[in-house]
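Quick notes on the structure that follows.
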Amino acid sequence: MKVILLNGSPKSKGCTYTALKIIEKELINEGIEVKFYEVGNKPVIGCIGCNGCRKLGKCIHNDLVNEVSKEMESADGFIVGSPVHYASASGAATSFLDRLFYSTDKNYLRHMFGASIISCRRGGASAAFDQLNKYFTINEMPIVSSVYWNQIHGNTPEEVVQDLEGVRTMKVLARNMAYLIKCKEAAKNVPLPELVPVERTNFIR
Ligand SMILES: Cc1cc2nc3c(=O)[nH]c(=O)nc-3n(C[C@H](O)[C@H](O)[C@H](O)COP(=O)(O)O)c2cc1C
């Protein structure tokens with residue numbers, strides 16, 4: 001049972017990292033393996049819509065996106081964290097996730113549990129939270145929830161750990177994720193829902 005944690009902040013050891021580390025500790029306590037990735041502080045190239053991944057089976061830009069995508073093939077859960085940048089997820093997180101979700105085989109995403117967490121100084125967390133959850137709902141990924149919209153406040157890691165309600169939200173999220181993964185594991189003899197044939201319309205036909 002494995003969960004991927006992705007820090008979508010360009011700042012390593014910042015606020016988002018601190019929140020994800022709270023989650024990591026809880027998951028490990030619950031016996032879940034964790035793989036921790038960071039988008040890093042270099043520019044992250046965005047999706048150029050070339051559809052090269054359809055032919056290659058991976059993104060044409062051979063960077064960390066492909067590494068995480070490969071790891072997703074055997075993951076049970078995926079949690080992305082992002083700081084709020086102008087009431088949205090960070091540009092780095094968005095560029096990374098656009099390519100990750102566009103290029104990863106949808107069969108691996110189907111029924112993998114997903115969750116997002118947001119760190120911010122003050123406002124825009126729920127808008128960024130909605131944005132990130134959309135990667136899951138288009139991919140048949142059940143979203144794991146907590147006791148609030150998963151946000152934690154602070155401008156520094158020291159401030160983040162003082163947001164006790166935010167810390168609790170992170171802990172509950174991690175425990176819920178672990179519980180649901182274990183439930184799925186226990187139910188592995190239950191047949192998956194039958195596939196419905198693909199239909200693609202674009203509103204003019
Ligand atoms: C470009 C930029 C835009 C930001 N926009 C917001 C914002 O709209 N609302 C907010 O509360 N904080 C905003 N912040 C502050 C960060 O969201 C906040 O400090 C966050 O906790 C930083 O997380 P990190 O250390 O993981 O990068 C912004 C920071 C940057 C660098």
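In full-length UniProt numbering, the protein residues as written are 1 to 205.
Idealized CB from N, CA, C, for every residue including glycine.
Around the beta carbon of T18, a 10 Å sphere encloses 16 or more other beta carbons of the protein chains shown; the residue is thus reported as buried. Following the DSSP letters along the chain, one finds L192 in no beta strand (DSSP E), marked with neither H nor E.
The beta carbon of E71 is closer than 7 Å to those of I4 and K35 in its chain, skipping five residues each way along the sequence. Between S103 and S9 the beta-carbon gap is near 22 Å, outside 8 Å, which marks them as no contact.
Where I23 is concerned, the enclosing alpha helix (DSSP H) starts and stops at C15 to N29. Closest by C-alpha distance to V144, out of Y108, E158, F78 and Q131, is F78. Rounded to whole angstroms, A178 and E30 show a C-alpha spacing of 6 Å. For T169, the closest alpha carbon among the candidates A93, A115, Y37 and G52 is that of A115. In this structure, E165 is the residue among E165, E159 and M141 with its C-alpha nearest to the C-alpha of Q151. For E194 and H111, the gap between their C-alpha atoms comes out near 13 Å. Distances from the CA of V172 to each of C15, A93 and L20 were compared; the closest alpha carbon is that of L20.
Residue pairing for G77: DSSP places it in a beta bridge opposite V3 and F113.
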